[in-house]
């Protein structure tokens, strides 16, 4: 019968038959690397969504709506490809939302920034 090897460092394992790692350090190292690889794309997307939301919040402040140039959004690090959902109005306009903050592309590279107050009353 072939001797089992540690999944991290490949040294022979002694002890229980269901043991997968030679010690706690190898187990931690293996799981940290695996989780980092698996969650890297999720972290990247969540980071950009958070950044987009923070930018929209900062631009809107206490206003109901505000218009901004696309250049201003891009300078702040906004990426319009990252949004959580969209809303098609009866007028045929599509608002793109980052959680409760939305943006509507207008003419001449301008955007209308709004806040959807209906999303604030969502309960689980």
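In the working numbering, the protein residues as written are 2 to 125.
Glycine included, C-beta positions come from ideal geometry on N, C-alpha and C.
Taking the C-alpha atoms as reference points, what is the distance between residue i and residue j?
| i | j | result |
| --- | --- | --- |
| residue 68 | residue 91 | 21 Å |
| residue 17 | residue 33 | 23 Å |
| residue 40 | residue 86 | 21 Å |
| residue 79 | residue 46 | 13 Å |
| residue 57 | residue 28 | 42 Å |
| residue 64 | residue 114 | 10 Å |
| residue 12 | residue 37 | 23 Å |
Run the CB neighbour count on residue i, radius 10 Å, all protein chains shown included, and call it buried at 16 or more, exposed below.
| i | result |
| --- | --- |
| residue 99 | buried |
| residue 51 | exposed |
Taking Cβ to Cβ, would you say residue i is nearer than 8 Å to residue j?
| i | j | result |
| --- | --- | --- |
| residue 101 | residue 81 | no |
| residue 83 | residue 53 | yes |
Provide the residue(s) that pair with residue i in DSSP beta bridges, ordered along the chain.
| i | result |
| --- | --- |
| residue 114 | 67, 104 |
| residue 98 | 86, 103 |
| residue 9 | Answer is none; residue 9 lacks a bridge partner. |
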